[in-house]
Each structure stands twice: as C-alpha cells, then as structure tokens.
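A short write-up of the structure that comes next.
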Amino acid sequence: MFNHNEVDEREYLVEVQVKLRTAFERIDLRITDYYNEILETKRYIYENLAQFDAAEKAANRIAVYESVTFGEEAIKERERLQKLMMSPYFGRIDFSDTKGEAVLYIGIHGFTDDLAAHPTIFDWRAPISSMFYDFETGPAFYTAPEGVIKGMLQLKRQYRIRQGQMEYMIESSLNIDDEILQKELSRNSDNKMKSIVASIQREQNAIIRNEAARVLIIQGAAGSGKTSIALHRVAFLLYRFKKTLTAKNIMIISPNKVFSNYISNVLPELGEENIAEMHIEDIAEDLLGRQYQYETFYMQVEKLLEAENAEAISRIRFKSTNQFVEQLQSYLEYADDNYFVPVGLELGDFHVSKKELLFEYHAHKRLPIKKRLRKIADNLIGRYKRKTSKKVDVATARQIRTLILKLYRFSKSISLYQEFYHYINQEAMFCLVGKKTLEFCDVYPLIYVKMYFEGGEQNYEMIQHLLVDEMQDYTPIEYAVLAKLFSCKMTILGDSHQSVNPYSSSTAEEIKPYFVGCEGMELLRSYRSTIEITCFTQKILENKKLIPIERHGKEPTVTICNTEHEQFHKIRNLICAFKQSEYVSLGILCKSQKQARLLFEHIHTISQGVHLLDFGSSEFKEGIVVTSVHMSKGLEFDQVIVPDASEDHFCTELDRSLLYIACTRAMHQLDLTCVGKKTKWTVVNDNSPVSLTGCDYSRS
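Per the numbering used here, the very first residue in the sequence shown carries number 4; after that it's consecutive.
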C-alpha cells in the first residue's frame with residue numbers, strides 16, 4: 004500500500020513540497036525572462052521606430068502583447084504554487100477499476116510534476132475528484148468525458164495541512180461530516196467568508212457540479228452554506244468551461260456592498276478572479292436613471308419598522324404576488340391592442356389611411372411602443388419623400404413624428420403605469436411618497452411597464468451566468484424584469500424563512516414561472532450554529548425541514564433589565580467578556596439601523612475597536628460590529644448580542660422574521676437583552692438559560 008501510515012504520509016508531504024518549490028523557482032525564473040523580453044522589445048521599438056514599416060510595427064506590438072499575456076499567466080501559476088506550498092492537498096482516495104488502482108491526492112489546485120506521467124495533485128473540481136465528496140469506501144463511480152467510470156474506493160483519507168505542516172490525518176470510511184467537519188465547524192469565524200473545499204458535503208457537491216440546469220434555484224436553511232456553495236459552483240463552472248467562460252461573464256446580485264466585501268475572498272482562494280456584483284437598486288438606477296425618484300428596499304423596511312402602516316403593507320402585499328404580474332401583463336396586452344388609435348393623416352398631397360397606420364403598428368409588434376411609433380414615423384417620412392419627390396425639411400419631419408406619437412394614448416411610462424390601477428379598479432393601490440417619490444413596491448412594476456413602452460437600454464448580453472442571492476427578498480415582478488434583462492443561465496439562492504420583509508417575500512415555487520428550464524435543489528443541513536442556538540431559533544420561526552449538525556456549546560440567554568442604563572451595563576459586560584474570550588467576531592444586531600446608530604454612539608465611547616455598519620458601508624470589519632439585522636444578512640459571527648428584545652420592540656410578523664435572522668447569525672454564543680417584558684418569540688424564562696426540552700435532534 005502506498006504511504007501506509009501517518010509517518011509515510013508526512014514523509015511524502017515533504018517530497019511533494021520539494022517538487023512544488025522546484026516548480027515555483029522554475030516559473031519565477033520564467034517570469035523574470037518575460038519581464039526582460041518585454042523591456043528589450045520596448046527598447047528595440049523605441050530605438051528603431053522611425054525605420055519600421057506598418058508590418059514591423061504590428062509584429063513588435065504583437066510580440067510585446069504575447070510576452071505580457073504569457074507573463075500574466077505565469078504570475079497566476081506562481082500564485083497557485085504559493086498556495087499549494089502552504090497546503091498542497093486535503094484529501095486522498097485510492098480508486099481501482101478495470102485499468103488498475105490509482106492513488107489520488109486532492110487539493111485546491113491541480114499540480115503535475117514535469118517528470119511525472121500523472122498529476123501529483125488533482126484539482127478538487129476534476130471529474131475524478133467528485134468521488135471524494137460523494138462516496139464512502141466501497142463501490143464508487145465518476146463521470147468522465149468518455150462516460151461513467153465505475154470501480155471501488157479502497158481508501159479515503161483527510162488531512163489538515165497549514166503553513167506546510169500536517170496538523171492531523173484521519174483515515175475515513177465515513178462521510179466528511181464526521182470528525183473533520185466537527186473540527187472545521189468548531190473554529191472561530193474569520194473576518195471574511197472562506198473556501199470550504201475540504202469539507203464539501205455530498206448534497207452540496209451535487210449543486211456545485213450541476214451543469215445541466217439552465218436555472219438552478221437553491222433553497223437553503225440558515226447556516227447551510229448556500230452562498231459559499233454558489234461561489235464554489237462559479238469556480239467549478241470556470242474550471243469546467245475555461246475555454247468559453249471567464250469571470251467577466253459572471254455577475255452576482257448581492258444584498259449590499261458589505262456582503263460583497265465579506266464574500267470577496269472565496270473565489271481568489273480558489274484561484275479565480277472575483278466576479279462583478281450589482282445590487283437590485285443598481286439595476287433600477289440603470290433603467291430609470293434620474294427620471295424618477297423612489298424609495299430603496301432598505302428605506303421601505305426601515306419605514307415599516309418605525310411604524311406599521313396597514314395601508315402600505317396592503318400595497319406591498321398586493322404587488323408581491325404572481326397574480327399581480329399576470330394582471331400587469333394582461334393590462335399591457337390590452338394597452339397594446341387598444342391604446343393606439345390611428346386616424347387618417349394628410350400633409351398636402353400626401354395621404355396615409357387609418358388602416359395603413361394600424362398595419363404598420365402591428366407589423367412592428369416586437370418593438371417597444373415608443374420605438375415602434377418612431378419606426379412608423381421614419382417609414383412615413385421615407386414614403387413622403389418618394390411620393391412628393393421633395394426633400395423633407397426638419398419642420399415636416401418633426402410634424403410627422405409628433406402626429407404619430409400623439410396616436411398613442413399615453414406619452415410617458417408613468418402615466419401608462421398609473422392607468423393600470425384604474426383599469427383593474429384598484430386606484431388606492433398606487434400612492435406616492437411625498438409629491439414625486441415612488442414607493443419601492445412600485446419601482447419594478449414601473450420598470451416592467453417602461454420596458455414594454457420604451458425598451459430597456461441596458462445590455463447584459465456579456466453575462467453568461469447570473470447569481471441572485473437572498474432570493475426571498477425579491478418579488479415576482481422583480482424576477483419578471485430579471486428574466487427580460489438576462490437570457491443567460493442562473494443560480495438563484497436564498498431561504499424563505501429569512502426575509503427582512505415577509506410582506507413581500509418570494510418562495511422558490513413563486514420564482515419558477517419566470518424562467519425556462521428551472522431545477523430546484525434544497526440544502527437542509529445547517530452547519531453554522533450550535534445545537535442549543537438552533538433549538539432556540541427554531542422556537543422563533545420553525546423550519547420543519549432543517550437538519551442541525553449536533554455540535555454543542557453555550558446555551559443562549561435572555562436577560563431582562565429594569566432600565567435602559569441596566570441594559571447598557573449588561574451589553575458592556577458582554578463586550579468585556581468577549582474581549583477576554585477566544586472569539587474573533589461579535590455582532591451586536593439591532594432591529595433597525597436607527598437603533599444601531601444610537602447604540603454605537605454609546606458603545607464606541609467606552610470601548611475601542613467597535614465598528615458601525617450601515618448601508619453606506621462598503622467593507623466588512625472584524626472584531627465588534629454594531630449594525631441592523633437587515634445589514635447582517637448573509638454574515639456570521641462567533642457571538643451575537645440582540646439588544647431590546649422586548650415585547651414592545653419585537654411584536655409583529657416582520658419583527659419575528661428579523662429576530663430569527665439576527666439569532667441565526669450566531670455560531671457559538673447568543674445573548675439577548677431587553678427592558679421590560681421579553682418578546683413572545685423567545686421561549687426562555689426570565690434571566691435563565693434556554694431549556695432544550697422538546698427539541699428533537701433525532702435527524703441530526
């Protein structure tokens with residue numbers, strides 16, 4: 004048996020590192036050669052430029068370009084080798100089939116020694132590497148270009164190698180969710196999301212390697228690793244389709260800039276460039292420009308937190324259904340057939356009948372209304388020129404265009420949109436915020452109408468794959484717009500239990516009608532929180548499908564205080580205890596951004612290293628963070644404090660959803676404080692730890 008025991012494995016690790024170091028030194032010399040070549044070619048061009056003809060200039064430009072390109076690729080390869088020298092591999096499988104037995108070491112990147120016939124290290128994304136994630140020892144198979152290869156997995160080992168040193172090796176005939184996974188989950192959080200290639204689970208691997216689905220919708224429980232898995236899926240697709248797909252062809256719609264920064268380490272760790280990111284408001288700004296003023300989603304949620312407005316909630320609910328999209332589409336089809344009212348036109352000897360105009364209107368049905376009307380006008384101008392044999396002056400051309408545009412009932416998208424509510428006898432469902440500001444729930448319906456009426460000027464044809472994170476926070480009408488803007492493949496992910504506005508949340512089933520070739524997958528196992536925290540959060544908002552990993556820790560606490568001063572003193576004590584602990588990150592998560600700002604003003608005067616995150620922030624900060632629950636979406640902390648968890652502050656369905664999100668951010672420790680009666684969504688006794696009675700762990 005190759006490398007029979009741990010002593011053999013440690014010796015082999017040294018051998019591999021020697022090979023990696025040799026390859027690193029070789030490519031380092033090659034980079035120096037490329038650099039010198041570029042300098043020499045540039046010097047030659049500078050000294051002889053006057054004597055060059057066009058062909059020589061072009062040839063030298065190509066030479067410089069090629070040297071730069073090869074040099075950049077060599078630098079990327081050197082970076083990969085640097086990472087491998089620190090941690091060459093994390094797994095090993097011994098696989099036998101009809102061709103014989105192969106020993107495969109699996110790492111974050113592949114590596115082949117120039118003198119070896121086979122790879123020394125296999126990339127985790129390679130087809131054969133999938134068996135490491137999908138099978139225990141015994142019968143196994145993988146899908147190769149030539150078809151399905153079946154055989155036996157004779158051995159499976161897992162390693163932790165850091166800074167070139169093997170910390171441990173585990174011989175495993177079981178799944179990765181045993182000893183290695185427990186070690187990984189018990190670690191403290193980092194300041195940013197990390198790659199998880201060493202602990203990918205079988206169900207996660209199926210999502211990562213799914214090539215067939217045109218649109219893959221991932222419903223993932225809190226802490227299931229859905230965002231990380233989606234990013235690993237991107238890395239896999241970039242590896243699988245490296246000849247046709249680059250990072251420039253992929254984009255993610257993320258909840259905010261802080262979250263974008265939080266996940267920015269994952270792809271570079273996997274050897275890939277970061278992808279472009281946008282926010283849903285960015286798309287609205289691109290399509291509406293400064294033509295309209297409107298609320299953002301964040302402003303909508305903050306307003307609802309300050310005061311529950313039954314009428315506003317009714318409008319939000321009304322515009323957050325599939326039925327609303329169907330009604331709006333039906334109205335636009337009606338408008339298309341009825342709002343163009345042609346009349347016969349006469350300009351001197353030039354006549355155009357009503358019938359001719361109607362024919363032209365329907366002949367260009369594929370165009371948005373305004374472009375269709377301009378097309379009709381341009382055609383008439385051409386006919387006028389041919390009929391009269393006269394040059395069409397500016398005034399006549401303008402007159403024809405004006406006459407045609409007036410044949411449509413409305414001249415602006417907003418007017419056409421407002422008429423929709425009269426058409427469905429629901430005038431009360433449209434309401435401006437102030438004089439000229441749209442409610443957020445009207446932004447995407449208006450964009451949908453505008454795309455029909457004026458067209459969408461933004462071109463996203465370069466995007467071949469779109470990631471949509473926090474899918475539950477986007478309404479069906481927003482997905483209807485995305486479906487019109489992006490014709491590419493998509494990965495859509497989120498959790499219907501984690502909506503920051505349950506009045507407008509979407510489920511996977513509500514999203515599917517807008518995309519052809521949809522496939523749904525679920526991630527039910529939660530890895531983030533201890534079993535005690537999971538039990539606590541399940542009592543706030545139950546997810547019956549959730550399967551917790553049985554990792555134990557401190558029991559959550561709810562501390563009831565008599566005064567605000569007493570509560571602040573409790574929070575200060577929790578901060579002091581955190582600073583003396585081994586924890587790395589503490590999230591103090593307030594119901595609203597306004598509350599977060601007020602609390603921060605008090606805390607940062609008595610404690611250093613405290614950071615406030617708001618929707619203007621662009622970077623995730625390590626250490627102690629004060630922010631709103633809305634801003635904390637997708638983040639995780641070693642310890643979480645939820646202040647003001649009282650019956651007065653957390654009493655509505657929106658509050659319940661926010662409390663659930665806040666508590667599910669905690670990995671190891673969760674503490675809630677309040678003044679007066681605690682919220683009904685918590686199940687502990689006053690000032691006492693959570694009871695685990697009634698918590699069912701039979702599935703864990």
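Note that CB positions come from ideal geometry on N, CA and C, so glycine has one too.
Residue burial classification, residue i (beta-carbon count within 10 angstroms, cutoff 16)
{"i": "I179", "result": "Note that I179 scores a pLDDT of 46, beneath 50, so its modelled location is shaky; the value from the coordinates is reported in the next line. Per the 10 Å Cβ criterion, buried."}
{"i": "L177", "result": "With a pLDDT of only 47 at L177, under 50, the local geometry of the prediction cannot be trusted, and the value read off the model is given with reservation. Burial call: exposed."}
{"i": "K153", "result": "exposed"}
{"i": "Q326", "result": "exposed"}
{"i": "H633", "result": "buried"}
{"i": "H345", "result": "Here the sequence assigns Pro to residue 345, which means His is not the residue at that position. Flag for P345 reads buried."}
{"i": "G351", "result": "exposed"}
{"i": "H572", "result": "exposed"}
{"i": "G612", "result": "exposed"}
{"i": "I403", "result": "buried"}
{"i": "Y47", "result": "exposed"}
{"i": "Q85", "result": "exposed"}
{"i": "S362", "result": "Here residue 362 turns out to be Phe, not Ser, going by the sequence shown. Classification of F362: exposed, given that the 10 Å Cβ count is below 16."}
{"i": "M493", "result": "buried"}
{"i": "Y49", "result": "exposed"}
{"i": "D647", "result": "buried"}
{"i": "H468", "result": "buried"}
{"i": "N6", "result": "buried"}
Nearest to residue i (by Cα), restricted to the options the options
{"i": "H652", "options": "F244, M670 and K683", "result": "K683"}
{"i": "I34", "options": "P142, S70 and L107", "result": "S70"}
{"i": "E336", "options": "K415, K368, Q207 and K306", "result": "K368"}
{"i": "V452", "options": "H425, S418, M465 and K357", "result": "S418"}
{"i": "I550", "options": "K557, L526, C564 and E569", "result": "L526"}
{"i": "I266", "options": "A233, L291, D285 and R243", "result": "A233"}
{"i": "L577", "options": "I606, T566 and G556", "result": "I606"}
{"i": "M465", "options": "R401, L118, I41 and K251", "result": "K251"}
{"i": "E80", "options": "K45, L308, F27 and N63", "result": "F27"}
{"i": "D285", "options": "G141, G523, E206 and M254", "result": "M254"}
{"i": "K159", "options": "G167, G619 and S132", "result": "S132"}
{"i": "L406", "options": "V355, K393 and A366", "result": "V355"}
{"i": "Y477", "options": "D31, R659 and P258", "result": "P258"}
Cβ-Cβ distance between residue i and residue j below 8 Å
{"i": "E723", "j": "R318", "result": "Coverage of the chain is limited to positions 4 through 703, which leaves residue 723 absent and any answer about it impossible."}
{"i": "V628", "j": "G590", "result": "yes"}
{"i": "V503", "j": "L675", "result": "no"}
{"i": "L273", "j": "S198", "result": "yes"}
{"i": "R724", "j": "V471", "result": "Nothing about residue 724 can be read from this structure; the chain reaches only from 4 to 703."}
{"i": "L673", "j": "P559", "result": "yes"}
{"i": "F125", "j": "Y108", "result": "yes"}
{"i": "E305", "j": "Q596", "result": "yes"}
{"i": "Q541", "j": "S508", "result": "no"}
{"i": "A143", "j": "F98", "result": "yes"}
{"i": "L496", "j": "I221", "result": "yes"}
{"i": "H121", "j": "R83", "result": "no"}
{"i": "I379", "j": "A400", "result": "no"}
{"i": "N264", "j": "E622", "result": "yes"}
{"i": "Q161", "j": "F114", "result": "no"}
{"i": "D498", "j": "A225", "result": "yes"}
{"i": "T533", "j": "H555", "result": "yes"}
{"i": "S529", "j": "I552", "result": "yes"}
{"i": "Y411", "j": "I372", "result": "yes"}
{"i": "S323", "j": "Y506", "result": "yes"}
{"i": "V106", "j": "M196", "result": "no"}
{"i": "S620", "j": "K60", "result": "no"}
{"i": "C593", "j": "S631", "result": "yes"}
{"i": "F413", "j": "Y364", "result": "no"}
{"i": "K415", "j": "M454", "result": "no"}
Bridge partner(s) assigned by DSSP for residue i
{"i": "M155", "result": "S99 and P142"}
{"i": "D674", "result": "T560 and I644"}
{"i": "H468", "result": "I253 and K492"}
{"i": "R24", "result": "Answer by DSSP bridge pairing: none, since R24 is not bridged."}
{"i": "F125", "result": "I109"}
{"i": "I511", "result": "Ile is not the amino acid found at residue 511; the sequence shown has Ala there. Partner(s): none; A511 has no beta bridge."}
{"i": "F343", "result": "Y411"}
{"i": "Y297", "result": "L441"}
{"i": "F353", "result": "L350"}
- Item | Segment contact flag, the segment 637-650 with the segment 667-680, C-beta cutoff 8 Å, min 3 pairs | Three or more pairs of CB atoms, one per stretch, sit closer than 8 Å, so the segment 637-650 contacts the segment 667-680.
- Please determine if the segment 479-489 and the segment 428-442 are in contact, where contact requires at least 3 C-beta pairs separated by less than 8 Å. The segment 479-489 is not in contact with the segment 428-442.
- Item | Cβ pair count under 8 Å reaching 3, the segment 657-667 against the segment 492-512 | At 8 Å Cβ cutoff, the stretches touch.
- Taking one C-beta from the segment 65-85 and one from the segment 30-45 each time, how about it: are there three or more such pairs within less than 8 Å? The way I'd put it, the segment 65-85 does touch the segment 30-45; three or more beta-carbon pairs between them come closer than 8 Å.
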